[in-house]
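Reviewing the structure listed below.
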Amino acid sequence: MLQKMYDWVDERLNITPMWRDLADHEVPEHVNPAHHFSAFVYCFGGLTFFITVIQILSGMFLTMYYVPDINNAYESVKYLQNEVAFGVIVRGMHHWGASLVIVMMFLHTLRVFFTGSYKKPREMNWVVGMLIFFVMLGLGFTGYLLPWDNTAYFATKVGLEIAQTVPLIGPYAKALLTGGDIVGAQTLARFFAIHVFFLPAALLGLLGAHFIMIRRQGISGPL
Amino acid sequence: MSEKREISRRTFLNYALMGTGGFLAAGMITPMVRFAIDPMLKATGGGDKVAVGSVDDFGSEPKRVEFKLHTKDGWYESESTLVAWVRKLDDGSILALSPICKHLGCTVDWNISPDHPEQYFCQCHMGRYNIDGQNVIGTPPLKSLDMYETEIKDGKLYLGKIIPNPRPGVEM
Amino acid sequence: MAKHDKDATFVGDSRVPAKRIPNVAPSYSDFPGKSEPFWPNFLLKEWMVAAVGLVGFLVLTVSHESPLTAKANPNDTSFVPLPDWYFLFLYQLLKYPWASGDWVVLGTVIIPGIAFGALLLAPWLDAGPERRAIRRPIASGIMLLSLVGIFYLTWAAMDEHHRNHPSPAGGGSHGAAPAPAEEADPAFKAADIWTAQQSCISCHGNNMEGTAAAPNLQKVGEKYSAEEIAEIIKNGKPPLMPGGMIKDEQAIKELAEYMATLK
């Protein structure tokens, strides 16, 4: 049955070449921890992606209960965490995953750096990777405000005051992020939009570019 | 000759395509960008100042005034009641202190402790400040009382945002 | 439509060639040395590791509930802010006198700008063909120094925070902050016996509405009996409320009895 469905689609769209390229590409010995245990350092990129998938899914489900509004945000987070079945787990995945993804990405970056894998011809992929890093930090900063508790509120306030000290563009950047004179209703709405739409869209584009370049160039050779 | 004309036609079409594409992009993006950056371009009022009375009402002794501050945050409008201790300094300028203790946020009062007259006193943990809001070193607070921005217009005193008090702590 | 092969046949009027490519995996002997195909051999190992990791992660989410402090209160002047841990090194940098005040541009723009700019442009700053970390000591050395700096700053920020604020309030652990003030009832009027107590109203408000420093007491009778209230008035209640503000035993008794009726 599955085979028939596959053949039916393949006849119309010729998907076999793409599928075989993905499935059969060689994983060389030097990145395979089964042969050299030290090769586990090559796993961090994959783990970063794995946790990113968790983040995207748990984030999507959190928005089913979350309301980005200063009167209700805190109550909705409290409700989804304490009253909804498995709320502790879903919010926990998103909360702890946010830290874990930073750790994994940091380790992945260090692996790429110390194995010199960013050198020609892989310069572009390094730059895209760094952009992903910045987008992730942006996601962390904007997501931190959303529960609208004291920790979130004051951390964001401090962060925005730091942004304000940048010469020339600082005050504008702060006004743009704050959406008004004070950290309040407009800030929360903005941070929600940035956290849920703008940065994830950028992240997905960059991740696509990152993976396409890896498939094109293959993984860097042994040292 | 003919080859050259063909290139120029292609070039022309390329330019036309880029132009049209640019127009499409600009037409979509311009309203959205203007929409997004509106708060940045709106004149920041710097916080409205509220009149609390005639300047002549205040002497060198601190006087407690209550005033209502109207804050507008996008579509949320709220009113909060604030308190200030106002006094005239020797040089004629006005000092308006916030009564929020810098230790843990209790409310201080002027001249209520018999042991420490002529001082701001916090009942929670015996924090003390002198008449200019300077924290008394050795009591819990580590900073001087915040003050309000002041402005005098037509003989009336207006209070604005809360700003940090630059005066250092004092030994007493 | 430059490449129209006259002999090729297509599926219907589409551009998909009619000739099927067989969907068979190559033999394992086709893979040189110890390399192996991504699917299924390598991916299976990755997913087994991921499965173990996921179980650990789910256990973490259940055992360590995500923190949620009290609802944001802009007037809470006692709250000590702390950014998320991965921003701490930047936050700590700005505390040093050479990177704050007049020099704040150094801390907010120049140092992070150089660090992140160099990271972004690493392929061009370290352009030689040598890949081994040990054979390009300058690049590796700078990276190691930066790592030491980042770890030190993060540790210093946490250490300073815990030393200055040993209570877990700002540290992110849940349930530590005082209970948020209940919504005050603006119509509520406290009796004269309350408003006569200057020391009480300076924190709890003229009509018991509460402030940033003290809770609303308009329904305190629901929580405590008269004896318990009298006890709190005499001995205080950590972390904020001091005891012994009212000396007169009779006044304490009357006030406690009045407050116990508030439900």
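Protein chains in written order, with this note's numbering: chain Y, -1 to 221; chain U, 5 to 176; chain A, 104 to 366.
Note that the Cβ used here is the ideal one computed from N, Cα and C, for glycine as well.
This structure is a prediction, so every number in the text was calculated from the model and none was measured.
For residue i, the first and last residue of its enclosing alpha helix (DSSP H)
{"i": "A317 of chain A", "result": "Here A317 of chain A belongs to no alpha helix (DSSP H), and DSSP marks it neither H nor E."}
{"i": "M176 of chain U", "result": "No alpha helix (DSSP H) holds M176 of chain U; DSSP gives it neither H nor E."}
{"i": "R123 of chain A", "result": "Where R123 of chain A is concerned, there is no enclosing alpha helix (DSSP H), given that its DSSP letter is neither H nor E."}
{"i": "K198 of chain A", "result": "No alpha helix (DSSP H) holds K198 of chain A; DSSP gives it neither H nor E."}
Residue closest to residue i, alpha-carbon to alpha-carbon, out of the options
{"i": "N115 of chain U", "options": "U:L108, U:G131 and U:K76", "result": "U:G131"}
{"i": "Y189 of chain A", "options": "Y:M102, Y:V75, Y:G90 and Y:F84", "result": "Y:M102"}
{"i": "N12 of chain Y", "options": "A:I253, A:L161 and A:P120", "result": "A:P120"}
{"i": "D113 of chain U", "options": "U:L149, U:G78 and U:I141", "result": "U:L149"}
{"i": "T77 of chain U", "options": "Y:M122, Y:N70, Y:L186 and Y:H92", "result": "First, the amino acid is wrong: residue 77 of chain U is Asp here, not Thr. Among Y:M122, Y:N70, Y:L186 and Y:H92, the Cα nearest to that of D77 of chain U belongs to Y:L186."}
{"i": "Y152 of chain U", "options": "U:V140, U:N139 and U:P170", "result": "U:P170"}
{"i": "H28 of chain Y", "options": "A:P177, A:K137, A:L250 and A:E352", "result": "A:K137"}
{"i": "E168 of chain A", "options": "Y:T163, Y:F209, Y:W94 and Y:A37", "result": "Y:W94"}
{"i": "A367 of chain A", "options": "A:T364, A:G346 and A:A317", "result": "For residue 367 of chain A there is no data in the structure shown, the boundaries of chain A being 104 and 366."}
{"i": "Q353 of chain A", "options": "A:V165, A:A333 and A:I124", "result": "A:A333"}
{"i": "V140 of chain U", "options": "U:W89, U:Q123, U:L163 and U:T85", "result": "U:Q123"}
{"i": "K135 of chain Y", "options": "Y:T50, Y:G216 and Y:G114", "result": "Reading off the sequence, residue 135 of chain Y comes out as Leu, not Lys. Ranking the options by Cα distance to L135 of chain Y, first place goes to Y:T50."}
{"i": "I167 of chain Y", "options": "A:V208, A:W297, A:Q321 and A:L248", "result": "A:V208"}
{"i": "V152 of chain A", "options": "Y:A32, Y:L55 and Y:R188", "result": "Y:A32"}
{"i": "A368 of chain A", "options": "A:A111, A:I241, A:P318 and A:R234", "result": "Only positions 104 to 366 of chain A appear in the structure, and residue 368 of chain A is not among them; the question remains open."}
{"i": "A175 of chain U", "options": "U:R68, U:G164, U:L163 and U:Y133", "result": "The residue you asked about is not Ala; residue 175 of chain U is Glu in the sequence shown. Comparing Cα positions, the closest option is U:Y133."}
Backbone CA spacing between residue i and residue j [nearest angstrom]
{"i": "R214 of chain Y", "j": "S243 of chain A", "result": "28 Å"}
{"i": "S203 of chain A", "j": "L197 of chain A", "result": "5 Å"}
{"i": "V156 of chain Y", "j": "G324 of chain A", "result": "39 Å"}
{"i": "T149 of chain Y", "j": "H265 of chain A", "result": "15 Å"}
{"i": "K356 of chain A", "j": "F71 of chain U", "result": "35 Å"}
{"i": "P43 of chain U", "j": "L157 of chain A", "result": "43 Å"}
{"i": "S82 of chain U", "j": "G182 of chain Y", "result": "12 Å"}
{"i": "L45 of chain U", "j": "Y77 of chain Y", "result": "37 Å"}
{"i": "F125 of chain U", "j": "H74 of chain U", "result": "29 Å"}
{"i": "F27 of chain U", "j": "R38 of chain U", "result": "16 Å"}
{"i": "L191 of chain A", "j": "D262 of chain A", "result": "11 Å"}
{"i": "Q300 of chain A", "j": "M311 of chain A", "result": "11 Å"}
{"i": "I11 of chain U", "j": "N18 of chain U", "result": "10 Å"}
{"i": "G308 of chain A", "j": "N69 of chain Y", "result": "23 Å"}
{"i": "I124 of chain A", "j": "F16 of chain U", "result": "43 Å"}
{"i": "M344 of chain A", "j": "N338 of chain A", "result": "9 Å"}
{"i": "F291 of chain A", "j": "T111 of chain U", "result": "21 Å"}
{"i": "P66 of chain Y", "j": "I87 of chain Y", "result": "21 Å"}
{"i": "F219 of chain A", "j": "V165 of chain A", "result": "36 Å"}
{"i": "P215 of chain A", "j": "M246 of chain A", "result": "14 Å"}
{"i": "H268 of chain A", "j": "K147 of chain U", "result": "16 Å"}
{"i": "A30 of chain U", "j": "L201 of chain Y", "result": "24 Å"}
{"i": "F112 of chain Y", "j": "W227 of chain A", "result": "15 Å"}
{"i": "I135 of chain U", "j": "A173 of chain Y", "result": "37 Å"}
{"i": "A154 of chain A", "j": "E24 of chain Y", "result": "23 Å"}
{"i": "A201 of chain A", "j": "G206 of chain Y", "result": "Note on identity: in this sequence residue 201 of chain A is Trp, with Ala being the wrong assignment. In a straight line, the C-alpha of W201 of chain A is about 42 Å away from that of G206 of chain Y."}
{"i": "A105 of chain A", "j": "R118 of chain A", "result": "Low local confidence applies: a pLDDT of 47 at A105 of chain A is under 50, so the model's placement there is unreliable, with the coordinate-based value given in what follows. So the alpha carbons of these two residues sit roughly 13 Å apart."}
Start and end residues, beta strand (DSSP E) containing residue i
{"i": "C126 of chain U", "result": "Y124 to C126"}
{"i": "I71 of chain U", "result": "For clarity, residue 71 of chain U is Phe in the given sequence; the question names Ile instead. Here the beta strand (DSSP E) through F71 of chain U covers K67 to D77."}
{"i": "T154 of chain U", "result": "M151 to K157"}
{"i": "R109 of chain Y", "result": "First-last for R109 of chain Y: G85 to F112, but that is the alpha helix (DSSP H), not the beta strand (DSSP E)."}
{"i": "V56 of chain U", "result": "V54 to S58"}
{"i": "Y72 of chain Y", "result": "Segment A71 to N80 is the alpha helix (DSSP H) holding Y72 of chain Y; no beta strand (DSSP E) there."}
{"i": "S84 of chain U", "result": "Y80 to K92"}
{"i": "V112 of chain U", "result": "V112 to W114"}
{"i": "A293 of chain A", "result": "Premise fails: A293 of chain A is in no beta strand (DSSP E) and is neither H nor E."}
{"i": "Y133 of chain U", "result": "G131 to Y133"}
Contacting residues, own chain, Cβ-Cβ under 8 Å from residue i (five flanking each side not counted)
{"i": "S276 of chain A", "result": "The predicted model places S276 of chain A with a pLDDT of 37, which falls under 50 and marks its position as unreliable; any figure quoted below should be read in that light. So the list reads P170, once near-sequence residues are dropped."}
{"i": "M58 of chain Y", "result": "none"}
{"i": "L204 of chain Y", "result": "V126, L129, I130 and V133"}
{"i": "A96 of chain Y", "result": "Q53, L137, G138 and G141"}
{"i": "I253 of chain A", "result": "F192"}
{"i": "I98 of chain U", "result": "V59, F62, V90, R91, K92, T154, I156 and L161"}
{"i": "E65 of chain U", "result": "R91"}
Sequence-distant residues of the same chain with beta carbon closer than 7 Å to residue i, five excluded per side
{"i": "R109 of chain Y", "result": "V39, Y40 and F42"}
{"i": "F139 of chain Y", "result": "G157"}
{"i": "E139 of chain A", "result": "F145"}
{"i": "Y142 of chain Y", "result": "A150, A153 and T154"}
{"i": "D229 of chain A", "result": "R239 and A242"}
Whole-Å CB distance - residue i paired with residue j, under 8 Å assumed
{"i": "S305 of chain A", "j": "I349 of chain A", "result": "Their Cβ separation, rounded to whole angstroms, is 13 Å, which puts S305 of chain A and I349 of chain A out of contact at 8 Å."}
{"i": "H120 of chain U", "j": "P145 of chain U", "result": "Incorrect: roughly 14 Å between the Cβ atoms, too far for contact."}
{"i": "S288 of chain Y", "j": "H34 of chain Y", "result": "The structure shown does not extend to residue 288 of chain Y, since chain Y is modelled only from -1 through 221, so no value can be given for it."}
Same chain, Cβ closer than 6 Å to residue i, neighbours up to 5 away in sequence not counted
{"i": "L105 of chain Y", "result": "F42"}
is_contact[residue i, chain B] using C-beta, thresh 8 Å
{"i": "Y19 of chain U", "result": "The question asks about chain B, but that chain is absent: this structure's protein chains are Y, U and A."}
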